[in-house]
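Residue numbers (the working numbering): 1098 to 1195.
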(Lines of atoms letter the chains of each structure in order from A and count residues from 1; the text may use other names and numbers.)
(Lines give C-alpha, C1' and ligand atoms only; values in the text may rest on other atoms or scores of the structure.)
Protein backbone atom coordinates (compact mmCIF):
# COMPACT_ATOMS: atom_id res chain seq x y z
CA UNK A 1 0.00 0.00 0.00
CA UNK A 2 1.47 3.37 -0.99
CA UNK A 3 2.10 6.20 1.46
CA UNK A 4 -0.62 8.43 0.01
CA UNK A 5 -3.34 5.80 0.54
CA UNK A 6 -2.26 5.27 4.17
CA UNK A 7 -3.17 8.88 4.99
CA UNK A 8 -6.45 8.72 3.03
CA UNK A 9 -7.84 5.66 4.82
CA UNK A 10 -8.02 7.08 8.36
CA UNK A 11 -10.07 10.28 8.48
CA UNK A 12 -10.14 10.99 12.23
CA UNK A 13 -10.42 9.33 15.61
CA UNK A 14 -14.03 9.09 16.77
CA UNK A 15 -14.36 10.57 20.25
CA UNK A 16 -17.37 9.57 22.34
CA UNK A 17 -18.20 8.05 25.72
CA UNK A 18 -18.51 4.61 24.20
CA UNK A 19 -15.15 4.97 22.41
CA UNK A 20 -13.43 6.02 25.65
CA UNK A 21 -14.96 3.08 27.51
CA UNK A 22 -13.84 0.63 24.81
CA UNK A 23 -10.31 2.04 24.89
CA UNK A 24 -10.11 1.53 28.65
CA UNK A 25 -11.74 -1.89 28.96
CA UNK A 26 -11.21 -3.77 25.67
CA UNK A 27 -8.16 -2.04 24.17
CA UNK A 28 -10.24 -0.99 21.14
CA UNK A 29 -10.03 2.34 19.36
CA UNK A 30 -12.64 3.88 17.08
CA UNK A 31 -11.83 5.74 13.85
CA UNK A 32 -13.80 7.46 11.13
CA UNK A 33 -12.49 5.95 7.90
CA UNK A 34 -12.90 6.44 4.17
CA UNK A 35 -16.12 4.88 2.85
CA UNK A 36 -14.22 2.70 0.36
CA UNK A 37 -11.56 1.49 2.85
CA UNK A 38 -11.21 -2.24 3.45
CA UNK A 39 -10.42 -3.93 6.75
CA UNK A 40 -6.93 -4.87 5.54
CA UNK A 41 -6.19 -1.25 4.52
CA UNK A 42 -7.40 0.01 7.89
CA UNK A 43 -5.22 -2.52 9.71
CA UNK A 44 -2.10 -1.61 7.73
CA UNK A 45 -2.73 2.13 8.14
CA UNK A 46 -3.09 1.93 11.92
CA UNK A 47 -0.04 -0.32 12.24
CA UNK A 48 2.16 1.98 10.14
CA UNK A 49 0.94 5.32 11.51
CA UNK A 50 0.89 4.44 15.22
CA UNK A 51 3.55 1.65 15.31
CA UNK A 52 1.24 -0.86 17.04
CA UNK A 53 0.08 -4.44 16.39
CA UNK A 54 -3.58 -4.74 15.33
CA UNK A 55 -5.43 -7.95 16.21
CA UNK A 56 -8.83 -7.30 14.64
CA UNK A 57 -10.84 -4.70 12.73
CA UNK A 58 -14.62 -4.40 12.68
CA UNK A 59 -16.32 -1.91 10.38
CA UNK A 60 -19.81 -0.53 10.04
CA UNK A 61 -21.57 2.15 8.05
CA UNK A 62 -23.38 4.82 10.03
CA UNK A 63 -26.45 5.89 8.09
CA UNK A 64 -26.92 9.64 7.91
CA UNK A 65 -29.94 10.99 9.74
CA UNK A 66 -32.80 12.56 7.81
CA UNK A 67 -33.68 16.08 8.92
CA UNK A 68 -36.64 18.24 8.07
CA UNK A 69 -36.19 21.93 7.40
CA UNK A 70 -38.02 24.65 5.52
CA UNK A 71 -36.67 23.36 2.18
CA UNK A 72 -38.01 19.83 2.74
CA UNK A 73 -36.08 16.74 3.76
CA UNK A 74 -32.30 16.75 3.83
CA UNK A 75 -29.94 14.14 5.14
CA UNK A 76 -26.58 14.06 6.83
CA UNK A 77 -23.93 12.09 4.93
CA UNK A 78 -23.43 8.38 5.56
CA UNK A 79 -19.98 7.58 6.94
CA UNK A 80 -17.92 4.54 7.87
CA UNK A 81 -16.61 3.69 11.32
CA UNK A 82 -13.94 1.15 12.30
CA UNK A 83 -13.35 -0.51 15.65
CA UNK A 84 -9.67 -1.49 15.88
CA UNK A 85 -8.58 -3.95 18.59
CA UNK A 86 -4.90 -3.80 19.49
CA UNK A 87 -2.67 -6.54 20.86
CA UNK A 88 -2.34 -6.89 24.62
CA UNK A 89 -0.12 -4.21 26.17
CA UNK A 90 -0.31 -1.84 23.19
CA UNK A 91 -2.06 1.53 23.15
CA UNK A 92 -2.39 4.62 20.99
CA UNK A 93 -1.50 8.05 22.33
CA UNK A 94 -3.19 10.55 20.02
CA UNK A 95 -1.36 13.51 21.54
CA UNK A 96 2.07 12.07 20.74
CA UNK A 97 1.15 10.61 17.31
CA UNK A 98 3.30 11.68 14.40
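The beta-carbon is built from N, C-alpha and C at its ideal position, and this holds for glycine as well.
In this text the structure is predicted, and so the values were computed from the model without any measurement.
Check                                                                                                    : Outcome
Length of the line joining the Cα atoms of residue 1135 and residue 1104                                 : 14 Å
Coil, strand or helix - residue 1115 by DSSP                                                             : helix
One or two residues paired with residue 1142 in a DSSP bridge                                            : In DSSP, residue 1142 forms no bridge with anything.
Nearest-angstrom Cα separation, counted from residue 1123 out to residue 1106                            : 23 Å
Of the residues 1181, 1178, 1188, 1160, the one placed nearest residue 1172, counting alpha carbons only : 1160
Residue 1193 versus 1148, 1098, 1118, 1112, residue with shortest Cα-Cα distance                         : 1148
Inter-residue spacing [alpha-carbon to alpha-carbon] between residue 1111 and residue 1166               : 27 Å
Residue 1102 (DSSP reduced to helix, strand or coil)                                                     : helix
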